[in-house]
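Below: one structure, written as structure tokens.
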Amino acid sequence: MSELRLMAVHAHPDDESSKGAATMARYADEGARVLVVTLTGGERGDILNPAMDLPEVHGRMAEIRRDEMARAAEILGVEHHWLGFIDSGLPEGDPLPPLPEGCFAAIPLDGPTEALTKVIREFKPHVMTTYDETGGYPHPDHIRCHEVSVAAYEAAADYRLFPDAGEPWAVSKLYYNHGFLRQRMQLLQDEFARRGLEGPFAKWLEHWDADKDIFADRVTTRVECAKYFSLRDDALRAHQTQIDPTSFFFATPMDWQQELWPTEEYELARSRVPVELPETDLFAGIETDG
Ligand SMILES: [Zn+2]
10 MSELRLMAVH
20 AHPDDESSKG
30 AATMARYADE
40 GARVLVVTLT
50 GGERGDILNP
60 AMDLPEVHGR
70 MAEIRRDEMA
80 RAAEILGVEH
90 HWLGFIDSGL
100 PEGDPLPPLP
110 EGCFAAIPLD
120 GPTEALTKVI
130 REFKPHVMTT
140 YDETGGYPHP
150 DHIRCHEVSV
160 AAYEAAADYR
170 LFPDAGEPWA
180 VSKLYYNHGF
190 LRQRMQLLQD
200 EFARRGLEGP
210 FAKWLEHWDA
220 DKDIFADRVT
230 TRVECAKYFS
240 LRDDALRAHQ
250 TQIDPTSFFF
260 ATPMDWQQEL
270 WPTEEYELAR
280 SRVPVELPET
290 DLFAGIETDG
């Protein structure tokens, strides 16, 4: 089979390392071309690592996040492209303040859709990943990421749309990331309890009803990628300003994760090729010529 190509669309630098990172590392290792497209520069991200909360860091967030992203891409073995839109920030307060002028979530959909369509027509991915309609996390850029990705998936194949953005290309499959599942968290927490240890997820689980694990029912595709979990963690740690190394993300021993939950989860949202669900491979059903 000739070259397979996967494009993962994300809102901010660091999202690629927390959603589907081990899957990307696996496909890249197996010879596929993998391209991460980051829609915004992450300029409005908070510094979440106390060790990096320094005046000299605050003054040059955009630049630092570019360096962090480059390092993460290198670790995962993927290519990377910035789309160049401005981070909207996470609005907080009641009522919520208006979005900053000109930010990604506040500008009309057409600009980012055309920009992403152009990248799709150039890279010609067989498979695209993005977020579901909730964003997976209620950040305006994540919800916008969903909208732009779905619009560009459709537009890229339609010669009538954005004729200046290259020759049409029909992406075969579009997936939503669903790695953040209550079931998984409970399973890991139970393993701590079984060994007489206090797990790090009690607070999370307490505020997350089992019947609200809505995404678990939407998973169509489980990709085995346990071997690449440590690369995922390394890539996440490369985003030094965004990740506290003492975070609960890293609290579960690697061998438990690999044994108890060796996969990353996806929902097949659209397909132009015949599929059989459930599946274990994002490229299932895709035939490349030559
Ligand atoms: Zn994000």
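In the working numbering, each number is its position in the sequence shown, counted from 1, plus 9.
Where a beta carbon is used, it is the ideal one built from N, C-alpha and C, also for glycine.
At a threshold of 7 Å, HIS89 does not count as near ligand 1, since its beta carbon sits no closer than that to any of the ligand's heavy atoms. Annotation for TRP270: no beta strand (DSSP E) segment contains it, and DSSP assigns it neither H nor E.
Between ligand 1 and the CB of HIS151, the shortest heavy atom gap is smaller than 7 Å. In this structure, the C-beta of ALA82 stays at least 7 Å away from each heavy atom of ligand 1. It is roughly 15 Å from the alpha-carbon of GLN249 to the alpha-carbon of PHE257.
Those residues that bring their Cβ nearer than 5 Å to a heavy atom of ligand 1 are ALA20, HIS21, ASP24. Excluding residues up to 5 positions away in sequence, LEU15, VAL43 lie with their Cβ nearer than 7 Å to the Cβ of TYR36 in the same chain. Counting C-beta atoms within 10 angstroms of its own C-beta, ALA165 has 16 or more neighbours from the protein chains shown and is therefore classed as buried. Between VAL157 and LEU108, the C-beta spacing is not below 8 Å. In chain order, HIS187, GLY188, VAL228, ARG231 place their CB closer than 6 Å to the CB of GLU274, counting only its own chain and leaving out the 5 sequence neighbours on each side.
Each residue's CA atom was taken as its position, placing ASP167 and LEU48 some 22 Å apart. If one requires a minimum length of 4 residues, the alpha helix (DSSP H) runs lying completely within the segment 176 to 260 are 191 to 203, 211 to 215, 238 to 247, in chain order.
Burial is judged here by how many other beta carbons sit within 10 angstroms of a residue's own beta carbon; GLY208 has at least 16 and is buried. Around the CB of SER11, fewer than 16 other CB atoms lie within 10 Å, so the residue is classed as exposed. Judged by beta-carbon spacing, CYS234 lies beyond the 8 Å limit of ALA17, meaning their Cβ atoms are not closer than that value. Looking at the backbone, the Cα of GLY294 and that of LYS182 are separated by about 9 Å. Separation of the CB atoms of THR272 and LEU197 is rounded to 14 Å, and the pair is thereby denied contact status at 8 Å. When the alpha-carbon of PRO287 is set against those of GLU101, GLU296, LEU277, the nearest one is in LEU277. Linking GLY120 to GLU163 through their CA atoms gives a straight-line distance of about 15 Å.
With a beta-carbon spacing of about 11 Å, HIS155 and THR138 fall beyond the 8 Å limit used to define contacts.
In the three-state reduction of the DSSP assignment, ARG281 falls in the coil class. Sixteen is the threshold: when 16 or more other Cβ atoms of the shown chains lie within 10 Å of the Cβ of GLU77, as they do, the residue is buried. By the 16-neighbour rule on beta-carbons within 10 angstroms, ILE223 is exposed. HIS216 counts as exposed, since fewer than 16 other beta carbons sit within 10 angstroms of its beta carbon. Scanning PRO64, ASP55, ASP62 for the CA closest to the CA of GLU101 turns up ASP55.
In this structure, ILE129 lies away from TRP91, with their beta-carbon atoms at least 8 Å apart.
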